[in-house]
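Report on one structure; see the data block that follows.
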Amino acid sequence: MADQSATIIPLSAVEPDMIEALLDRAFGEDRHGRTAYRIRTGMDWLEALSFAAMDEDDMLVGTIQCWPVALIDPKGRAVPLVMVGPVAVVPERQGEGFGIALMLAMLDAERRMAADGAASLAQVLIGDADYYGRWGFSSAATGGWRCPGPFEQDRLLARGPALAAMPAEGMLAPWPTE
Numbered sequence: 001m002a003d004q005s006a007t008i009i010p011l012s013a014v015e016p017d018m019i020e021a022l023l024d025r026a027f028g029e030d031r032h033g034r035t036a037y038r039i040r041t042g043m044d045w046l047e048a049l050s051f052a053a054m055d056e057d058d059m060l061v062g063t064i065q066c067w068p069v070a071l072i073d074p075k076g077r078a079v080p081l082v083m084v085g086p087v088a089v090v091p092e093r094q095g096e097g098f099g100i101a102l103m104l105a106m107l108d109a110e111r112r113m114a115a116d117g118a119a120s121l122a123q124v125l126i127g128d129a130d131y132y133g134r135w136g137f138s139s140a141a142t143g144g145w146r147c148p149g150p151f152e153q154d155r156l157l158a159r160g161p162a163l164a165a166m167p168a169e170g171m172l173a174p175w176p177t178e
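Read the sequence shown against our numbering and you will find it ends at 178, with the numbers running on by one and no gaps.
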């Protein structure tokens with residue numbers, strides 16, 4: 001259940017140094033070498049889908065970022081996706097519902113954008129199926145997808161109605177800027 005004392009604000013309202021410090025605490029200072037970082041190299045996070053969680057004392061305790069990425073099919077065509085993550089909560093506050101509150105805020109923002117006519121893109125993440133499955137993320141469509149670095153195939157999860165039109169095979173990569 002989502003933490004009732006969480007205040008969710010746009011991530012853009014938080015100082016970048018505070019975000020980086022929180023991510024270092026949640027994932028370690030070596031986090032930049034992870035495969036998810038390779039997938040989104042050079043991209044800026046999507047402000048409309050990225051949030052911060054503040055606790056009852058207005059302390060930053062969690063963040064969620066979403067990124068424009070692509071699945072490059074075997075013919076070299078880029079199909080757009082939104083990469084969710086990292087979903088980060090400081091270690092001493094994990095298990096209190098902040099991650100759930102951040103996911104719900106992101107999904108609500110995505111629903112509102114779709115209702116306003118924005119394209120509803122499939123979402124992808126690398127994470128725990130038991131945790132993210134509650135929001136419809138699964139590895140059912142990602143068996144032929146690859147990543148630019150080590151990953152566990154059963155942790156490559158996706159969701160969304162746009163999955164039906166996604167290529168069965170491809171490489172995840174940053175969204176092409178040219």
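All C-beta atoms, glycine included, are put in the ideal place defined by N, C-alpha and C.
- Item | Coarse secondary structure for Phe51, derived from DSSP in three states | The count along the sequence shown starts at 1 and reaches residue 51 at position 51. DSSP places Phe51 in strand when its eight states are reduced to three.
- Whose C-beta lies closer than 8 Å to the C-beta of Thr35 among residues of the same chain, with five residues either side of it excluded? As a working note, residue 35 is residue 35 in the sequence shown. Answer for Thr35: Ile126, Cys147, Pro148, Gly149, Pro150 and Phe151, listed in chain order.
- Message: Can you give me the C-alpha to C-alpha distance between Glu29 and Ala140, rounded to a whole angstrom?
- Response: Walking along the sequence shown from the start, residue 29 turns up at place 29. Walking along the sequence shown from the start, residue 140 turns up at place 140. Taking the straight line from one Cα to the other gives about 32 Å.
- Task: Given a cut-off of 8 Å, decide if Leu102 and Ile8 are closer than it, judged by their beta-carbon atoms.
- Result: Position 8 of the sequence shown, counted from the first residue, corresponds to residue 8. Position 102 of the sequence shown, counted from the first residue, corresponds to residue 102. Closer than 8 Å, so yes.
- Give a yes or no on whether the C-beta atoms belonging to Val69 and Pro167 are separated by under 8 Å. For the purposes of this step, residue 69 is identified with residue 69 of the sequence shown, where counting begins at 1. For the purposes of this step, residue 167 is identified with residue 167 of the sequence shown, where counting begins at 1. Contact flag unset, no.
- Task: Measure the beta-carbon distance from Gly170 to Pro74 and round it to whole angstroms, keeping in mind my assumption that it falls under 8 Å.
- Result: Along the sequence shown, read from residue 1 onward, the residue named residue 170 stands at position 170. Along the sequence shown, read from residue 1 onward, the residue named residue 74 stands at position 74. Yes, they are in contact, since the Cβ atoms of Gly170 and Pro74 sit about 7 Å apart, within 8 Å.
- Message: If contacts are defined as beta-carbon pairs under 8 Å, then Ala52 and Leu60 qualify, I think. What distance do you get, rounded to the angstrom?
- Response: Translated into the one-based positions of the sequence shown, residue 52 becomes position 52. Translated into the one-based positions of the sequence shown, residue 60 becomes position 60. Right, their Cβ atoms sit about 6 Å apart.
- Task: Could you tell me the distance, in whole angstroms, from the CA atom of Phe137 to the CA atom of Ala105?
- Result: Along the sequence shown, read from residue 1 onward, the residue named residue 137 stands at position 137. Along the sequence shown, read from residue 1 onward, the residue named residue 105 stands at position 105. So the two alpha carbons sit approximately 16 Å from each other.
- Task: Ignoring anything shorter than 3 residues or poking outside the stretch 13-66, list the beta strand (DSSP E) runs there in chain order.
- Result: 51-54
- Give the secondary structure of Trp135 by DSSP, where H, G and I count as helix, E and B as strand, and everything else as coil. On the sequence shown, position 135 is the one that residue 135 refers to. Trp135: helix per DSSP, three-state reduction.
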